[in-house]
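Below is one structure, written out as structure tokens, with a few remarks after it.
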Amino acid sequence: MWYVSTRGMAPRVDFEGALFSGYAPDGGLFMPEELPQLGIETLHQWSALSYPSLVKELCTLFIGPELIPKEVLNDLIDRAFSRFRHREVVHLSRLRNGLNVLELWHGATYAFKDLSLCCTAQFLQYFLEKKEKHITVVVGTSGDTGSAAIESVQGAKNIDIIVLLPKGHCTKIQELQMTTVLRENVHVFGVEGNSDELDEPIKAVFADVAFVKKHNLMSLNSINWARVLVQMAHHFFAYFRCAPSLDTYPLPPVEVVVPTGAAGNLAAGCIAQKMGLPIRLVAAVNHNDIIHRTVQQGDFSLSASVELTLASAMDIQVPYNMERIFWLLSGSDSQGTRTLMEQFERTQSMSLPKELHSKLSGAMTSESMSDEAITWTMSRCWEENQYLLCPHSAVAVGYHYQQRDRQQPSFPRCCLAPASAAKFPEAVLAAGLTPETPAEILALELKETHCTPMRKGDDWTLMLRDTIESLGWQQRGHFLNAPK
Numbered sequence: 001m002w003y004v005s006t007r008g009m010a011p012r013v014d015f016e017g018a019l020f021s022g023y024a025p026d027g028g029l030f031m032p033e034e035l036p037q038l039g040i041e042t043l044h045q046w047s048a049l050s051y052p053s054l055v056k057e058l059c060t061l062f063i064g065p066e067l068i069p070k071e072v073l074n075d076l077i078d079r080a081f082s083r084f085r086h087r088e089v090v091h092l093s094r095l096r097n098g099l100n101v102l103e104l105w106h107g108a109t110y111a112f113k114d115l116s117l118c119c120t121a122q123f124l125q126y127f128l129e130k131k132e133k134h135i136t137v138v139v140g141t142s143g144d145t146g147s148a149a150i151e152s153v154q155g156a157k158n159i160d161i162i163v164l165l166p167k168g169h170c171t172k173i174q175e176l177q178m179t180t181v182l183r184e185n186v187h188v189f190g191v192e193g194n195s196d197e198l199d200e201p202i203k204a205v206f207a208d209v210a211f212v213k214k215h216n217l218m219s220l221n222s223i224n225w226a227r228v229l230v231q232m233a234h235h236f237f238a239y240f241r242c243a244p245s246l247d248t249y250p251l252p253p254v255e256v257v258v259p260t261g262a263a264g265n266l267a268a269g270c271i272a273q274k275m276g277l278p279i280r281l282v283a284a285v286n287h288n289d290i291i292h293r294t295v296q297q298g299d300f301s302l303s304a305s306v307e308l309t310l311a312s313a314m315d316i317q318v319p320y321n322m323e324r325i326f327w328l329l330s331g332s333d334s335q336g337t338r339t340l341m342e343q344f345e346r347t348q349s350m351s352l353p354k355e356l357h358s359k360l361s362g363a364m365t366s367e368s369m370s371d372e373a374i375t376w377t378m379s380r381c382w383e384e385n386q387y388l389l390c391p392h393s394a395v396a397v398g399y400h401y402q403q404r405d406r407q408q409p410s411f412p413r414c415c416l417a418p419a420s421a422a423k424f425p426e427a428v429l430a431a432g433l434t435p436e437t438p439a440e441i442l443a444l445e446l447k448e449t450h451c452t453p454m455r456k457g458d459d460w461t462l463m464l465r466d467t468i469e470s471l472g473w474q475q476r477g478h479f480l481n482a483p484k
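When we follow the UniProt record's numbering, the leftmost residue of the sequence shown carries the number 1, and every step to the right adds one.
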């Protein structure tokens, strides 16, 4: 299996090459050169599988056995999911009036990012140990990515992780999940700025190609193909649990509602569709509606500014995984994709060509939810089911209620739930409900914390470079002192 850039100007790479890359050298994102097609027989066989088994089957298709032998791959995935709280890893809650909620948040940090990051970290460590190599991961976070990335690599001997968090801009719980991990390989900085501002020093460091190469730097956000690969399993699991029967031909469709910001889960769903999974996708967004406007009108352009909402992890202006979707739906047209994305990068505005917009609106529909709609949905779900939704999950469930109330005829529907309500007590209170906080989250309040401040007026880029340099010296020291 080979991977090519969506912009067509970079050499193709194998899975290991895609894993250790962020963006491709030409600014594009890596995608499989060809997608395997799954027949009815394969879908029948997969329909009885557990979530971890689906991840194993999908990873086997996209990672060659010459890179990771199948038995080893299965062990890595078992290890990745070993600390999840639910025995099924993910869990489908069947609620009143046809509401199906797929809980993707049973990992250590109570968010869906645990699923893909735990696997990605295992794959990284496998290759690093084989090559006796060390990397430094640099992550900027608005909340969930930082804690999930820390959780996935804490204690790893060949990975250091540096996380920049926006002090005062994420929830208290999100911050504590990062600052209470006192491991030697975890380095957390609290930046006096927002998540856009803290991205600047990270971009500046990654722009120095020689420095990146010298220190083996990489990022772990959802530009990384391995994360999209694992997230495909959400869609297969949702389909198999919600399809009425697999004994009819053609197979019955299931609608999967995807609350989305950077569009990683959405790209995963589009790939699953292209492989033959009969799902219909709904992109559900908050007031930051670039994806909604793109699906409805073909208008891929930035708004004047990011609007802060209750569904804060989706407060995103540039959903970079849409590039993967444009490439996929245009029939792997890398030249066309490059032209579109370069125009967007130049002008921050781009209209999809008619044919591509028609394919996009054929692959999915979309909806945008206000904060009022989010709190109303959280409140209604509690009244009807005594079930607490996080604000991001409420964006998806709000679409379900909208369709039910309009008495629209529909297929079975599954709403993806990316985080636990326990992480967002402020939103739960805003909905007039009482937060339910698990003991392990309450215990964070009592733990010792460590966070290095990056104050206004400090040279954040220099601080970041100095930290990376000093970790490099430590690594060289370990290497020199290691027993020969």
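Glycine residues also receive a C-beta, built at the ideal position from the N, C-alpha and C atoms.
In this text the structure is predicted, and so the values were computed from the model without any measurement.
In this structure, N265 is the residue among L251, P250 and N265 with its C-alpha nearest to the C-alpha of V257.
Going by DSSP, P32 is part of the beta strand (DSSP E) stretching over F30 to P32. By the neighbour-count criterion, in which a residue is buried when 16 or more other Cβ atoms sit within 10 angstroms of its Cβ, H392 is buried. DSSP places F300 within a strand segment (E or B) once states are collapsed to three. Excluding its 5 nearest sequence neighbours in each direction, F344 has C-beta neighbours in its own chain below 7 Å: F300 and M350, listed in chain order. The shortest CA-to-CA distance from T248 to any of L433, T461 and I40 is the one to I40. For the pair V205 and D466, the Cα-to-Cα distance works out to about 11 Å. Inter-residue distance for V89 and G457 is about 45 Å (C-alpha atoms, whole angstroms).
The three-state reading of DSSP puts R87 in coil, since its state is none of H, G, I, E or B. Within a 10 Å sphere around the beta-carbon of L217 sit 16 or more other beta-carbons, which makes this residue buried. Of the other Cβ atoms in all chains shown, 16 or more fall within 10 Å of the Cβ of E151; this residue is therefore buried.
The straight-line gap separating the alpha-carbon atoms of Q407 and T6 is approximately 40 Å. DSSP lists H91 and A417 as the bridge partner or partners of E103.
Residue state for F189 is assigned as strand, using DSSP reduced to three classes. At the C-beta level, S195 and H169 come within 8 Å of one another.
Distance between R404 and M314, taken at the CA atoms: about 24 Å. Here the C-alpha atom of R183 lies approximately 24 Å from the C-alpha atom of S222.
Relative to P52, the option among F62, M31 and F81 whose CA is nearest is F81.
Rounded to the nearest angstrom, the Cβ distance from C415 to N100 is 7 Å, consistent with a contact under 8 Å. One alpha carbon belongs to A430, the other to V188, and they sit about 30 Å apart. Here D144 is buried, its C-beta having at least 16 other C-beta atoms within 10 Å. For the 8 Å CB-CB criterion, S379 and L433 form a contact.
In its chain, beyond the 5 residues on either side, L444 have a beta carbon closer than 6 Å to the beta carbon of L176. Secondary structure at Y3: strand, using DSSP grouped into helix, strand and coil.
The C-alpha of A243 is placed about 7 Å away from the C-alpha of P412. Excluding five sequence positions before and after F15, the CB atoms of its chain that fall closer than 6 Å to its own CB belong to I63 and L67, given in chain order.
In the DSSP assignment, the residues bridged to T136 are D160 and L217.
Counted as a single uninterrupted DSSP element, the alpha helix (DSSP H) harbouring I325 occupies residues M322 to L329.
Within the DSSP bridge table, the entry for M364 names L281 as partners. Rounded to the nearest angstrom, the gap between the Cα atoms of G398 and C381 is 9 Å.
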